[in-house]
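Only one structure is covered here, and it is reproduced in the block below.
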Amino acid sequence: MTETRVTLLVRVPERLKSRLAGIAKRERRSLSKQVELLLERCLELGSEEHVTAPVKGGRRVGN
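Residue numbers (numbering that gives the first Met the number 0): 0 to 62.
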């Protein structure tokens with residue numbers, strides 16, 4: 000059975016998008032698949048304490 004896929008809109012700086020697109024092209028993946036792969040690897044390799052949002056001014060950024 001295939002996993003249900005959902006859309007996730009993420010805003011990133013143009014420079015980051017360009018870097019990701021370059022990696023995706025070299026790896027012969029779509030930009031979307033490359034970002035998905037990198038996110039999965041990050042979560043697999045890092046512990047929860049290393050993948051939480053940074054704190055700015057006493058409040059979590061992005062929550």
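Note that the Cβ used here is the ideal one computed from N, Cα and C, for glycine as well.
query: Bounding residues of the alpha helix (DSSP H) (the contiguous stretch that carries arginine 25); result: 13-26
query: Environment of valine 34 [buried if 16+ CB atoms lie within 10 Å]; result: buried
query: Residue from Leu42, Leu38, Ser31 and Glu43 with nearest C-alpha to threonine 6; result: Ser31
query: Glutamate 39 versus glycine 45 - alpha carbon distance; result: 10 Å
query: Whole-angstrom distance between isoleucine 22 and valine 11, CA atom to CA atom; result: 16 Å
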